[in-house]
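Here the protein sequences line up with chains A and B, keeping their order.
Per the numbering used here, numbering through the first sequence is continuous, rising by one, with the last residue being 472.
Per the numbering used here, numbering through the second sequence is continuous, rising by one, with the last residue being 271.
Contents: one structure, followed by commentary.
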Amino acid sequence: MTAASERDLVLQVVDLQKRYAGGNLAIERISIDARRGEFVSIVGPSGAGKTTLLKTICGLLAPTSGRVVLDGRPVTAPPPEMVLVFQDYARSLFPWLSVTSNVAFPLRKKRLSASEKRRLVDEALDAVGLHDCASRYPWQLSGGMQQRVAIARAVAFRPEILLLDEPFASVDALTRADLEDLTLRLRDEFGITMLLVTHDIDEAVYLSDRVFVLSKPPSVIVAEIAVPLPLPRDQERTRSDALFLTLRNQVHRLIGAHAASTEDADPLAPERIPAR
Amino acid sequence: MRVRRLLGVVTIVVLLAIWEIVARAKANIYVPPPSQIATTFVQQWFSPAFGHDAVPSLWRLLAGYAIAAVLGVAIGIAIGVSVPLYRTLDPLLQVLRALPPTAVIPAGILVLGIGDAMKVAVIAFGAIWPILVNSVDGAHAVARERLDTARNFGLGRGETILFVIVPSALPQVFAGLRIGLALAFIMIVISEMVGGSNGLGYAILSAQRTFSIPEMYAGIVLLAILGFALNALFSLVERRVLAWHVGATEAAR
């Protein structure tokens, strides 16, 4: 790896292992990285320890071994540069606060003037298209809009990396497509690096610049796949692209093979699949 | 809604009418008709007796209840957020909450005498357990995602408790406060019946002992009205503080 691309890496996860307090090994060994502004997905079967992986990356859980490096510094506690967006927006949002207050909530930790905070909140609400709902409460909104509130709250905090934990798993298909495109727009608009965890292969391929394929637990990375689909992505055009279909089938086969049996593959040696 | 409320009032009126008719027909001096109780009620309570008996009862009730509410919520939240405290104290709480609070009144009289201090103390003792136990549960059961969100955004322990755990626990805290209020009401009446020289509990019991039967019923009626009013006041406060919770629960249906 050249010095230039090394400096470009905003996040490095090196030989991360996570054993639960009960003794079960959730993550065998995982190494991934993300470049600044990159959209990276981790796709794997249900129960592959994906949430555990994200929580460990953002410092909410301590790794059993290995390390997480953010901008060249090791992560030991949740750093302000990373924000996690949970699947369950109903639990992560605060129902006693209005939409505006939810979005402004994390800013109490930032030493900013009131007008500066206002501007950040307004920008975030504009970015997710929720300006008209600012004074309402999360539970007055549909599921998709609630997840927009959670995303706006994360964006207002101005993180370098957004960690997305199956954020669209609880919304209907149309809303899902809208939210997918929203994350792509936010990446472009704010230059946020996106790290998405999902079990939806099509979603991972559609959104990402690179996809890491996870085995069933104890998890390892079984493949790293580059996604050289043209930008900007478009729900109809991208998903009917021949390359999209090739890539999603490839991921599908990998997950199928490694979900069924991990014995025949060396779990510590991920396949590297070159783009085309 | 209006029809339903009207129906409830009709029920009360019909029952009172039946009581009136039966009491007049049977002429039992131990069960006077409601009309006579109403007359006595007006004579007795629209008089200095209200200040002599009802005001001290209310004052003791509110003092004891306030102590129970403040201590119950504060200690309950503290236990709920601390795993070691929870493990150490939860079994003890489960034992103490199961104790009928009236049972401690004799001990209260021994230690504190029969004055106001005893009454306020036993009211506080009676009311605190449901408040405490509900606050513990509410603070203990905050969704993992909410706590993770707070940590993710760099909130410290104190801020997390104040801005995330306490609001999350509020619906359960209020459930405990409501049960505590009902228990405080029971405790004031019993503590005044057992020892004292004024108060509604005392007034009801002494009316019974001096065969002032309508006065005894008038005291009971005043207790019912005060209980109803306090509960209504409580609901009013709860609906204001927990407006978001009411809305969220309805939205989830």
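Note that the Cβ used here is the ideal one computed from N, Cα and C, for glycine as well.
These numbers come from a predicted model, not from an experiment.
Using only alpha-carbon positions, find the residue among the options that is nearest to residue i.
i	options	result
Pro414 of chain A	A:His454, A:Ala369, A:Arg354 and A:Val281	A:His454
Phe441 of chain A	A:Gln342, A:Ile397, A:Leu280 and A:Pro363	Correcting the residue identity first, residue 441 of chain A is Leu in this sequence and not Phe. Checking every option, the nearest Cα to that of Leu441 of chain A belongs to A:Ile397.
Gln474 of chain A	A:Phe282, A:Asn298, A:Arg314 and A:Val264	Nothing about residue 474 of chain A can be read from this structure; chain A reaches only from 197 to 472.
Glu268 of chain B	A:Val447, A:Leu337 and A:Val351	A:Leu337
Leu76 of chain B	B:Leu260, B:Leu199, B:Val255 and B:Met234	B:Leu199
Asn298 of chain A	A:Ser288, A:Lys306 and A:Arg307	A:Ser288
Asn220 of chain A	A:Leu392, A:Gly243 and A:Ser227	A:Gly243
Phe386 of chain A	A:Ser227, A:Ile347 and A:Glu420	A:Ile347
Ala168 of chain B	B:Ala161, B:Ile55, B:Thr178 and B:Ala159	B:Thr178
Asp318 of chain A	A:Thr296, A:Ser309, A:Asp430 and A:Pro302	A:Thr296
Lys473 of chain A	A:Arg344, A:Phe353, A:Val236 and A:Val345	Here chain A comprises residues numbered 197 to 472, so residue 473 of chain A is not present and cannot be evaluated.
Leu201 of chain B	B:Gly82, B:Pro189, B:Ala72 and B:Thr58	B:Gly82
Asp284 of chain A	A:Ala300, A:Pro424, A:Ile238 and A:Arg344	A:Arg344
Ile238 of chain A	A:Arg232, A:Arg231 and A:Lys246	A:Lys246
Pro109 of chain B	B:Ala193, B:Ala86 and B:Trp147	B:Trp147
Ser261 of chain A	A:Leu359, A:Lys214, A:Val351 and A:Ala373	A:Lys214
Leu316 of chain A	A:Ile421, A:Val351, A:Glu399 and A:Tyr402	A:Val351
According to DSSP, simplified to helix, strand and coil, what is residue i?
i	result
Gln283 of chain A	coil
Phe408 of chain A	strand
Phe59 of chain B	helix
Val99 of chain B	helix
Ala389 of chain A	Checking the displayed sequence, the identity of residue 389 of chain A turns out to be Thr instead of Ala. Here Thr389 of chain A sits in strand by DSSP.
Thr228 of chain B	coil
Arg258 of chain B	helix
Ser415 of chain A	strand
Val182 of chain B	helix
Ile132 of chain B	coil
Arg307 of chain A	coil
Ile270 of chain B	The amino acid at residue 270 of chain B is misidentified as Ile; the sequence shows Ala. Reduced to three states, the DSSP call for Ala270 of chain B is helix.
Leu80 of chain B	helix
Ala161 of chain B	coil
Ala348 of chain A	helix
Asp204 of chain A	helix
Ile47 of chain B	coil
Thr458 of chain A	Since pLDDT at Thr458 of chain A reaches only 45, below the 50 mark, its modelled position is unreliable, and no value is offered.
Ala258 of chain A	coil
Leu24 of chain B	helix
Ser65 of chain B	coil
Pro463 of chain A	Any reading at Pro463 of chain A must be qualified, since the residue scores a pLDDT of 45, below 50, and its modelled position is unreliable; the value itself is stated next. In the structure shown, Pro463 of chain A sits in coil (DSSP, three-state: anything other than H, G, I, E or B).
Asn249 of chain B	helix
Val447 of chain A	helix
Trp147 of chain B	helix
Ala199 of chain A	Residue placement at Ala199 of chain A is flagged as unreliable, the pLDDT there being 46, under the threshold of 50; the coordinate-derived value follows with that caveat. In this structure, Ala199 of chain A counts as helix in the three-state DSSP scheme.
Gly194 of chain B	helix
Tyr235 of chain B	helix
Tyr333 of chain A	coil
Leu293 of chain A	coil
Val138 of chain B	helix
Phe203 of chain B	helix
Leu249 of chain A	helix
Pro241 of chain A	coil
Quickly, what does DSSP pair residue i with across the bridge? List them, please.
i	result
Ile228 of chain A	A:Val209
Ser436 of chain A	Ser436 of chain A pairs with nothing; no bridge assigned.
Arg263 of chain A	A:Val210
Leu359 of chain A	A:Leu280 and A:Leu391
Val236 of chain A	A:Leu391 and A:Arg406
Pro270 of chain A	A:Val265
Arg215 of chain A	A:Leu221
Ala422 of chain A	A:Arg406
Under 8 Å by Cβ, that's how I've got residue i and residue j pegged, so tell me the actual separation to the nearest angstrom.
i	j	result
Ile47 of chain B	Ile238 of chain B	The pair is not a contact, with the Cβ atoms about 16 Å apart (cut-off 8 Å).
Glu356 of chain A	Val210 of chain A	Not really, about 18 Å apart at Cβ, beyond 8 Å.
Lys274 of chain B	Arg227 of chain B	With chain B covering 19 to 271 only, the question about residue 274 of chain B has no answer from this structure.
Ile223 of chain A	Leu249 of chain A	6 Å
Arg349 of chain A	Pro302 of chain A	6 Å
Arg175 of chain B	Val151 of chain B	So it is not a contact: roughly 23 Å between Cβ atoms.
Val170 of chain A	Leu450 of chain A	Residue 170 of chain A is absent from the model: chain A starts at 197 and stops at 472.
Ala187 of chain B	Gly98 of chain B	7 Å
Trp154 of chain B	Leu111 of chain B	At residue 154 of chain B the sequence reads Val, which differs from the Trp that was named. With a Cβ gap of about 7 Å, Val154 of chain B and Leu111 of chain B count as contacting.
Asp405 of chain A	Val236 of chain A	7 Å
The region 42-75 of chain B: positions lying closer than 9 Å to chain A by Cβ:
none
Going along the region 190-212 of chain B in order, which residues come within less than 9 Å of chain A, judged by CB to CB distance?
none
Beta carbons nearer than 7 Å to chain B: which residues of the region 203-221 of chain A have them?
none
Chain B contacts from the region 386-397 of chain A (Cβ-Cβ distance under 9 Å)
none
Using a Cβ-Cβ cut-off of less than 9 Å, give me the residues of the region 263-279 of chain A that come near chain B, in sequence order.
Ala273, Pro274, Pro275, Pro276, Met278 and Val279
Of the residues that make up the region 142-170 of chain B, which ones have a beta carbon closer than 7 Å to any beta carbon in chain A?
Within the region 142-170 of chain B, the residues whose Cβ lies closer than 7 Å to some Cβ of chain A are Ala161, Glu163, Arg164, Asp166, Thr167, Arg169 and Asn170, listed in chain order.
Taking any Cβ of chain B, which residues in the region 312-332 of chain A have a Cβ under 8 Å from it, in chain order?
none
Contact residues within the region 334-356 of chain A, judged by C-beta distance below 7 Å to chain B
Trp335, Gln336 and Phe353
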